[in-house]
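In this note's numbering, the protein residues as written are 3 to 414.
Note that the Cβ used here is the ideal one computed from N, Cα and C, for glycine as well.
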Amino acid sequence: MVTTTRKTNELAPLRAPLIAGGGTALLFAAGVGLIALFGDPAGRPPLARGELGALPQPELRAEIEHAPEDAHAQPVRFAGEDTTGQDDGHEDEVSLAGVNDGFDPPQSSHGSDPADAEARHAAAVNPYALTPAPISGLTEDGPSGPLPVIGPDGQRPDSAYARPFHADPEAPIIAVIIGGMGLNRAVTEEAIDTLPPEVSLSFAPYSRDLQTWVDRARAAGHEVLIEMPMEPYDYPNNDPGPHTLLADATETENARRLAWVMSQTTGYFAVMNYLGARSSTAGSPFEATLRRIEDRGVAFIHDGNGRRAAIETAGHNAGARFTIADRILDEDPSPRSIDDRLLTLEALALQNGSSLGAGFAYPATVDQVADWARSLETRGYVLAPASAVLARRNAEEGGETATHTADAGGHH
Numbered sequence: 003m004v005t006t007t008r009k010t011n012e013l014a015p016l017r018a019p020l021i022a023g024g025g026t027a028l029l030f031a032a033g034v035g036l037i038a039l040f041g042d043p044a045g046r047p048p049l050a051r052g053e054l055g056a057l058p059q060p061e062l063r064a065e066i067e068h069a070p071e072d073a074h075a076q077p078v079r080f081a082g083e084d085t086t087g088q089d090d091g092h093e094d095e096v097s098l099a100g101v102n103d104g105f106d107p108p109q110s111s112h113g114s115d116p117a118d119a120e121a122r123h124a125a126a127v128n129p130y131a132l133t134p135a136p137i138s139g140l141t142e143d144g145p146s147g148p149l150p151v152i153g154p155d156g157q158r159p160d161s162a163y164a165r166p167f168h169a170d171p172e173a174p175i176i177a178v179i180i181g182g183m184g185l186n187r188a189v190t191e192e193a194i195d196t197l198p199p200e201v202s203l204s205f206a207p208y209s210r211d212l213q214t215w216v217d218r219a220r221a222a223g224h225e226v227l228i229e230m231p232m233e234p235y236d237y238p239n240n241d242p243g244p245h246t247l248l249a250d251a252t253e254t255e256n257a258r259r260l261a262w263v264m265s266q267t268t269g270y271f272a273v274m275n276y277l278g279a280r281s282s283t284a285g286s287p288f289e290a291t292l293r294r295i296e297d298r299g300v301a302f303i304h305d306g307n308g309r310r311a312a313i314e315t316a317g318h319n320a321g322a323r324f325t326i327a328d329r330i331l332d333e334d335p336s337p338r339s340i341d342d343r344l345l346t347l348e349a350l351a352l353q354n355g356s357s358l359g360a361g362f363a364y365p366a367t368v369d370q371v372a373d374w375a376r377s378l379e380t381r382g383y384v385l386a387p388a389s390a391v392l393a394r395r396n397a398e399e400g401g402e403t404a405t406h407t408a409d410a411g412g413h414h
């Protein structure tokens, strides 16, 4: 039995809670551990699409022991059978307590490419479907694969890939982002299929068949984000993976890691942090990262994990299109706690005109958000994609009337 420890809370005082607590760090830690088993995902051909077939039976199991709230760490134990000399054709998987399906390890996906036809067929019959990615003129070759770029006509990926949204400018709007997509097949499928298309989905860059998932999400009407692993205060004990942007890394190294993250898929309108309380407050290095994201015409959304004032200063200094989530929905991933956070989003939207919540790919989070959204309109609120909240806030800061269109990424 091998025992590893991942801290669930950043060590410095934070303005907002960590997204999804220890379960979030576990999924990325598990993904990183599986890299050692299956190889560095940097070697995987970018934009790999693969058929999402039946899952093999898990041979590894992660058991989470939830510690008291004041504890600094949670033990994660990987206990697997001795399969020496055995090869049943199945791959090792990790499953989490409370999650009925393991997630696929990052690895190469070769062969047929069913996602293109599937996404385009769905776009033809689903009125909510978004234009399949990539959109012509919005990518260029990078060292690890295609990178987003502002088109020759000035079209930006953050508008082209955003979900179109039109609403009364006086109506209070609420957006929700569910992160950690792609790590767990069952929860990812449930989120894509059952959440309203206005809910935005954020995908982990280490996900297997990442482009396939993004294609499916967009075909169902969800705009997507890509998650950028960033250094927490207790790094490397809390390690977001081999492509983590570090506060003390050289500008060249962080630029290389950012390029890797941004080239793992196409069709996202924004980059979102994963962890990063330390690197988000690093000043100039963080500003340089935001400037590179902005130069590619991509927005940035922060989950609020860190000092809000420092994040805002970096965003403004970089000239970035950015916003910060108001609440983490599932620091305590219990239905009652999630419901309380959703009610807080309603109050904030009524007070400020808009609110933005961020959650993780827990089954409870997906279920509670889906239930909450069904009656939201009857209470006088409008469910909006995250890009719409971003657009409204940026317009309000500029003293303009908020409008939000994405013709190239619009409905069919």
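Beta-carbon gap between residue i and residue j smaller than 8 Å
| i | j | result |
| --- | --- | --- |
| Y130 | A219 | no |
| F271 | P159 | yes |
| S281 | A249 | yes |
| L140 | G156 | no |
| E200 | P387 | yes |
| M230 | V263 | yes |
| A169 | E225 | no |
| Q266 | I228 | yes |
| A322 | F302 | yes |
| P238 | L385 | no |
| G355 | R394 | yes |
| D297 | M274 | no |
| G299 | P207 | no |
Inter-residue Cα distance where the pair is residue i and residue j
| i | j | result |
| --- | --- | --- |
| L247 | A320 | 17 Å |
| G308 | V178 | 19 Å |
| G144 | A261 | 7 Å |
| W374 | P337 | 11 Å |
| L392 | L358 | 9 Å |
| A148 | R381 | The sequence given here places Pro at residue 148; Ala does not occur at that position. So the alpha carbons of these two residues sit roughly 43 Å apart. |
| P107 | S209 | Because P107 carries a pLDDT of 37, less than 50, the predicted location of this residue cannot be relied on, and no value is offered for it. |
| Y383 | M232 | 33 Å |
| V371 | E398 | 27 Å |
| L292 | R259 | 13 Å |
| D369 | L331 | 12 Å |
| S202 | A193 | 10 Å |
| Y276 | P242 | 8 Å |
| A316 | I326 | 12 Å |
| T133 | P166 | 11 Å |
| D195 | F205 | 15 Å |
| S377 | E255 | 47 Å |
| E379 | P171 | 15 Å |
| A173 | S161 | 22 Å |
| L352 | A251 | 42 Å |
| S390 | D341 | Sequence inspection shows Ala at residue 390; the Ser mentioned does not correspond to that position. Computed Cα separation, rounded: 23 Å. |
| S146 | S339 | 41 Å |
| D334 | F288 | 29 Å |
| L212 | A284 | 30 Å |
| G400 | A290 | 23 Å |
| A349 | E142 | 43 Å |
| P244 | T367 | 28 Å |
| I176 | N396 | 15 Å |
| A257 | Y235 | 21 Å |
Bridge partner(s) assigned by DSSP for residue i
| i | result |
| --- | --- |
| N275 | M230 |
| A301 | A272 |
| G243 | Answer is none; G243 lacks a bridge partner. |
| I175 | S356 and V384 |
| R329 | G359 |
| D183 | For the record, residue 183 in the displayed sequence is Met; it is not Asp. Bridge partners of M183: F205. |
| F324 | F302 |
- Query: Is the stretch 201 to 220 touching the stretch 262 to 277, taking contact as three or more C-beta pairs under 8 Å?
  - Reply: yes
- Message: Within 8 Å, do at least three Cβ pairs link the stretch 297 to 315 to the stretch 342 to 354?
- Response: no
- Complete alpha helix (DSSP H) runs within the stretch 191 to 223 (minimum length 4 residues, chain order): 212 to 221
- Item | Any 3 or more C-beta pairs closer than 8 Å across the stretch 168 to 183 and the stretch 356 to 370 | yes
- Hey, which unbroken runs of the beta strand (DSSP E) at 3 residues or more fall wholly within the stretch 128 to 163? 141 to 144 and 147 to 150
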